[in-house]
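Asker: Top to bottom, those sequences are chains L and C.
The letter at position 256 of the first sequence is residue 256 when you use my numbering, and the numbering goes up by one with no holes.
The letter at position 29 of the second sequence is residue 1029 when you use my numbering, and the numbering goes up by one with no holes.
Where a beta carbon is used, it is the ideal one built from N, C-alpha and C, also for glycine.
First the structure, which I've put down as structure tokens, then a few questions once you've had a look.
Number of protein chains: 2
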Amino acid sequence: MKNFRFLVSYDGTKYDGWQRQGNTDRTIQGKIEAVLYRLFDVSVETHGSGRTDAGVHARGQVANFWVEESVVEKALAKLHRSRESRGNAWQCAQIQSYLNEYLPEDICVRELTVVPERFHSRLSAVGKTYCYRIHTSLLKPVFDRKYVWWLPETLDVDAMRQAAGLLVGTHDFMSFCGNPKMKKSTVRTINKLEILEDDQGLTIRAHGDGFLQNMVRILTGTLVEVGRGNVVPQAITEILVARKRAAAGPMAPAQGLCLESVDYLQGKGDLL
Amino acid sequence: MKNFRFLVSYDGTKYDGWQRQGNTDRTIQGKIEAVLYRLFDVSVETHGSGRTDAGVHARGQVANFWVEESVVEKALAKLHRSRESRGNAWQCAQIQSYLNEYLPEDICVRELTVVPERFHSRLSAVGKTYCYRIHTSLLKPVFDRKYVWWLPETLDVDAMRQAAGLLVGTHDFMSFCGNPKMKKSTVRTINKLEILEDDQGLTIRAHGDGFLQNMVRILTGTLVEVGRGNVVPQAITEILVARKRAAAGPMAPAQGLCLESVDYLQGKGDLL
Chain L
1 MKNFRFLVSY DGTKYDGWQR QGNTDRTIQG KIEAVLYRLF DVSVETHGSG
51 RTDAGVHARG QVANFWVEES VVEKALAKLH RSRESRGNAW QCAQIQSYLN
101 EYLPEDICVR ELTVVPERFH SRLSAVGKTY CYRIHTSLLK PVFDRKYVWW
151 LPETLDVDAM RQAAGLLVGT HDFMSFCGNP KMKKSTVRTI NKLEILEDDQ
201 GLTIRAHGDG FLQNMVRILT GTLVEVGRGN VVPQAITEIL VARKRAAAGP
251 MAPAQGLCLE SVDYLQGKGD LL
Chain C
1001 MKNFRFLVSY DGTKYDGWQR QGNTDRTIQG KIEAVLYRLF DVSVETHGSG
1051 RTDAGVHARG QVANFWVEES VVEKALAKLH RSRESRGNAW QCAQIQSYLN
1101 EYLPEDICVR ELTVVPERFH SRLSAVGKTY CYRIHTSLLK PVFDRKYVWW
1151 LPETLDVDAM RQAAGLLVGT HDFMSFCGNP KMKKSTVRTI NKLEILEDDQ
1201 GLTIRAHGDG FLQNMVRILT GTLVEVGRGN VVPQAITEIL VARKRAAAGP
1251 MAPAQGLCLE SVDYLQGKGD LL
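Quick look at the structure:
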């Protein structure tokens, strides 16, 4: 089996998220698998580093798929009307270019490489970076409107930073988990939670070993409540201890969120 | 009569350009006038600094409208259920906020002020800046796709800059005019024609006293032909002398173009 890993950007506006769903398929994974089926003439399952919610974007989602070497050779030979067998780099370039040709304009495969068979986009991932963009200007964001949460308010960024400081570290984030039936551990480590300001608003940049369902959006919604003065920064500690979704703030809308990148250990599967 | 001037940004993707057209009105001017009619209960004509083509964007289009003082007072009194008459700044804030509330999400009035009665957005304009954005990266521009011309090619930027240098100055730009029936003078002055590079592509930034119909898009299409090596930079001189549309290059697509700003002389009508 050959294992292909790819880096993909998408504008999630029109989609029901990353994960394939039944028949009426408006998902990123579904779109990609449909093109792979067209190319290989067999069903190929892709594995993303994680799901992204409906409406959430990605600049650096990572996914992989396994496919028989003979299937790849056959498909590419057919495509090029030649039986000549060439190297991995050539195969990758062909598959990437085929995907980008048939994928819609809001999905782009940025890189595609052959990786060791044991590499798995989700299981091998060791970290993720998400950015949440808030446009605080009083004026409507005409050009960025699909990629920001427009909140024409003055937020207390110092208070938000104080609260963010209390969220950094290894905690049980059950209060920030959108799935009430979560059975597995809700303990996660946030390494960094920055709030970056610019002239149009602010960006919440979160880096951690992994994030629970809706976690970044609930973190954002809670930090906004702190920024509004509705919640004191110190309350974060109690919110964490409560281990109840109701203790945290509301969930920020999907459109402001973007999966920026996924980290893998060098030599542990990401490179051939 | 009171004269209101406003600065407006719009994403032109969904529109048939700035200028109002008959009944099936999908124009920026039409949308704005519909909201003004809703506010004032009388038809108010807006005057833009110039038309923008279908699909062209603006960050800094300028327009103005004249309206009877009594109409403004009546409309705002009704809106606030009070007969209290307040100053210009208050009136402007009310009108701007009303416009932004009822305009669609892709049109935003950034400023609105009272100006001397003689001020006219088109007739008083002394200069304009347009930017044309070309994405030359091989990868699809997922997030900017509606604001760039995607041209995954290597362009000779030095040659383009040489050609741009020959376009700067006062010339008869008939070869770059999209209107074959143009009766008025086609002489214009380009003060600056810069080509700015970044990691995703390049931006052609043009400043001049005014531009003919489609002129920036034809200038761009011609510069791209130079960048591709299909036209030598020196040919610009002959293209100008020819005074024939066919002598210049093709017209670049609308979506890469944006009207950045319009200049007015200080004290000659832009400030009260």
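So what does DSSP say about Lys1014 of chain C, is it helix, strand or coil?
Answerer: For the purposes of this step, residue 1014 of chain C is taken as residue 14 along the second sequence, with counting starting at 1. DSSP places Lys1014 of chain C in helix when its eight states are reduced to three.
Asker: Just curious, the beta strand (DSSP E) that Leu1202 of chain C is in, first and last residue?
Answerer: Here residue 1202 of chain C refers to the residue found at position 202 of the second sequence. Taken as a continuous stretch (DSSP letters only), the beta strand (DSSP E) holding Leu1202 of chain C covers 1201 to 1208.
Asker: Please identify the residue among L:Leu7, L:Thr52, L:Tyr10, L:Phe40 whose C-alpha is closest to the C-alpha of Gln19 of chain L.
Answerer: Position 19 of the first sequence, counting from 1, holds the residue named residue 19 of chain L. Nearest option by C-alpha distance: L:Thr52.
Asker: Taking only beta carbons into account, state which residues of the segment 1163 to 1184 of chain C come closer than 7 Å to chain L, listed in chain order.
Answerer: Those residues of the segment 1163 to 1184 of chain C that come within reach of chain L (Cβ to Cβ, closer than 7 Å) do not exist; the list is empty.
Asker: Only counting runs of 4 or more residues, tell me where the alpha helix (DSSP H) segments fall wholly within the segment 167 to 247 of chain L, in order along the chain.
Answerer: Whole alpha helix (DSSP H) segments, 4+ residues: 215 to 227, 235 to 242.
Asker: Between Lys1131 of chain C and chain L, is any beta-carbon pair separated by less than 7 Å?
Answerer: Numbered from its first residue, the second sequence carries residue 1131 of chain C at position 131. Strictly speaking, residue 1131 of chain C in this sequence is Cys, with Lys absent from that position. No, no contact with chain L.
Asker: Using a Cβ cut-off of 7 Å, pull out every chain C residue sitting near Lys140 of chain L, in sequence order please.
Answerer: What you label residue 140 of chain L is simply residue 140 of the first sequence in a count that begins at 1. Residues of chain C passing the Cβ test: Asn1100, Glu1105, Cys1108.
Asker: Based on the DSSP output, what are the partners of Asp1263 of chain C in its beta bridges?
Answerer: Here the question's residue 1263 of chain C lines up with position 263 in the second sequence. According to DSSP, Asp1263 of chain C bridges with C:Gly1127.
Asker: Please list the partners that Asp1011 of chain C has in chain L, where partner means a Cβ-to-Cβ separation under 9 Å.
Answerer: Position 11 of the second sequence, counted from the first residue, corresponds to residue 1011 of chain C. Going along chain L in sequence order, the residues near Asp1011 of chain C (Cβ under 9 Å) are Val142, Phe143, Arg145.
Asker: By how many angstroms is the C-alpha of Arg1059 of chain C removed from the C-alpha of Thr1027 of chain C?
Answerer: Along the second sequence, read from residue 1 onward, the residue named residue 1027 of chain C stands at position 27. Along the second sequence, read from residue 1 onward, the residue named residue 1059 of chain C stands at position 59. For Thr1027 of chain C and Arg1059 of chain C, the distance between alpha carbons rounds to 16 Å.
Asker: To the nearest angstrom, how far is it from the Cα of Asp1144 of chain C to the Cα of Arg145 of chain L?
Answerer: Start at 1 with the first residue of the second sequence, and residue 1144 of chain C comes out as number 144. Start at 1 with the first residue of the first sequence, and residue 145 of chain L comes out as number 145. Their Cα atoms are separated by approximately 12 Å.
Asker: In chain order, which continuous runs of the alpha helix (DSSP H) of length 4 or greater are located wholly inside the segment 1058 to 1137 of chain C?
Answerer: Segments of the alpha helix (DSSP H) lying fully in the segment 1058 to 1137 of chain C: 1069 to 1080, 1088 to 1102.
Asker: Quick test of the definition: if touching needs 3 or more C-beta pairs under 8 Å, does the segment 1120 to 1135 of chain C touch the segment 1193 to 1202 of chain C?
Answerer: Result yes; three or more Cβ-Cβ pairs closer than 8 Å.
Asker: Who are the near neighbours of Val1168 of chain C in its chain, counting only those whose CB is closer than 8 Å to its CB and skipping five residues on each side?
Answerer: Translated into the one-based positions of the second sequence, residue 1168 of chain C becomes position 168. Ile1190, Asn1191, Lys1192, Leu1193.
Asker: Rounded to the nearest angstrom, what separates Pro1233 of chain C and Leu1212 of chain C at their Cα positions?
Answerer: In the second sequence, the residue the question calls residue 1233 of chain C occupies position 233. In the second sequence, the residue the question calls residue 1212 of chain C occupies position 212. The straight-line gap from Cα to Cα measures roughly 22 Å.
Asker: Per DSSP, what are the beta-bridge partners of Arg26 of chain L in this structure?
Answerer: In the first sequence, counting from the first residue as 1, residue 26 of chain L sits at position 26. Answer by DSSP bridge pairing: none, since Arg26 of chain L is not bridged.
Asker: Between the segment 36 to 52 of chain L and the segment 68 to 86 of chain L, do three or more beta carbon pairs fall short of 8 Å?
Answerer: Yes: the two stretches touch, three or more of their Cβ pairs being nearer than 8 Å.
Asker: Please classify Ala248 of chain L as buried or exposed, where buried requires at least 16 other C-beta atoms within 10 Å of its C-beta.
Answerer: Residue numbering aside, residue 248 of chain L sits at position 248 when the first sequence is read from its first letter. Ala248 of chain L is buried by the Cβ-count criterion.
Asker: Determine the contact status of Ile1236 of chain C and Ala1159 of chain C, defining contact as a CB-CB distance below 7 Å.
Answerer: Counted from its first residue, the second sequence places residue 1236 of chain C at position 236. Counted from its first residue, the second sequence places residue 1159 of chain C at position 159. Contact: no.
Asker: Which class does Phe6 of chain L belong to by DSSP, given the choice of helix, strand or coil?
Answerer: Here the question's residue 6 of chain L lines up with position 6 in the first sequence. Three-state result, Phe6 of chain L: strand.
Asker: Would you mind reading off the limits of the beta strand (DSSP E) that contains Thr1046 of chain C?
Answerer: Numbered from 1 along the second sequence, position 46 holds the residue referred to as residue 1046 of chain C. Where Thr1046 of chain C is concerned, the enclosing beta strand (DSSP E) stretches over 1046 to 1048.
Asker: Closest by CA to Val115 of chain L, which one among L:Cys108, L:Gly22, L:Ser124, L:Ile107?
Answerer: Here residue 115 of chain L refers to the residue found at position 115 when the first sequence is read from its first residue. Comparing Cα positions, the closest option is L:Ser124.
Asker: Using CA coordinates, which residue listed in C:Val1062, C:Leu1166, C:Ser1261, C:Lys1244 is at the minimum distance from Gly1178 of chain C?
Answerer: Residue 1178 of chain C sits at position 178 when you count from the first residue of the second sequence. Ranking C:Val1062, C:Leu1166, C:Ser1261, C:Lys1244 by Cα distance to Gly1178 of chain C puts C:Lys1244 first.
Asker: Ordered along the chain, which non-local residues of its own chain (more than five positions away) have a Cβ less than 8 Å from that of Val187 of chain L?
Answerer: For the purposes of this step, residue 187 of chain L is taken as residue 187 along the first sequence, with counting starting at 1. Thr170, His171, Asp172, Phe173.
Asker: Nearest-angstrom Cα distance between Gly1229 of chain C and Asp1156 of chain C?
Answerer: Position 229 of the second sequence holds residue 1229 of chain C. Position 156 of the second sequence holds residue 1156 of chain C. The alpha-carbon atoms of Gly1229 of chain C and Asp1156 of chain C are separated by roughly 7 Å.
Asker: For Leu1272 of chain C, which of helix, strand or coil comes out of DSSP?
Answerer: Working through the second sequence from its first residue, we reach residue 1272 of chain C at position 272. Below a pLDDT of 50, predicted positions are generally treated as unreliable, and Leu1272 of chain C, at 41, falls in that range; the measurement from the model is reported next regardless. In this structure, Leu1272 of chain C counts as coil in the three-state DSSP scheme.
Asker: Among the residues of its own chain, which have a CB less than 6 Å from the CB of Val1148 of chain C, if the five just before and after it don't count?
Answerer: Numbered from 1 along the second sequence, position 148 holds the residue referred to as residue 1148 of chain C. Excluding residues within five positions, the ones whose Cβ falls inside 6 Å are Arg1133, His1135, Pro1141, Gly1256.
Asker: Using three-state DSSP, classify Leu1139 of chain C as helix, strand or coil.
Answerer: Translated into the one-based positions of the second sequence, residue 1139 of chain C becomes position 139. The answer is coil: DSSP assigns Leu1139 of chain C none of H, G, I, E or B.
Asker: CB-CB under 6 Å to Thr220 of chain L, same chain, minus the five flanking residues each way: which ones, in chain order?
Answerer: Taking the first sequence and counting its residues from 1, one reaches residue 220 of chain L at position 220. So the qualifying residues of the chain are Tyr132, Ile204, Ala252.
Asker: In whole angstroms, what separates the C-alpha of Gly1165 of chain C from that of Lys1181 of chain C?
Answerer: Residue numbering aside, residue 1165 of chain C sits at position 165 when the second sequence is read from its first letter. Residue numbering aside, residue 1181 of chain C sits at position 181 when the second sequence is read from its first letter. One C-alpha to the other measures close to 28 Å.
Asker: By a C-beta neighbour count over all protein chains shown, 10 Å radius and 16 as the cutoff for buried, is Val126 of chain L buried or exposed?
Answerer: Here residue 126 of chain L refers to the residue found at position 126 when the first sequence is read from its first residue. So Val126 of chain L counts as exposed.
Asker: On the criterion of 16 or more Cβ atoms from any shown chain inside 10 Å, does Gly50 of chain L qualify as buried, or is it exposed?
Answerer: As a first step, residue 50 of chain L must be located in the first sequence, where it is residue number 50. Buried.
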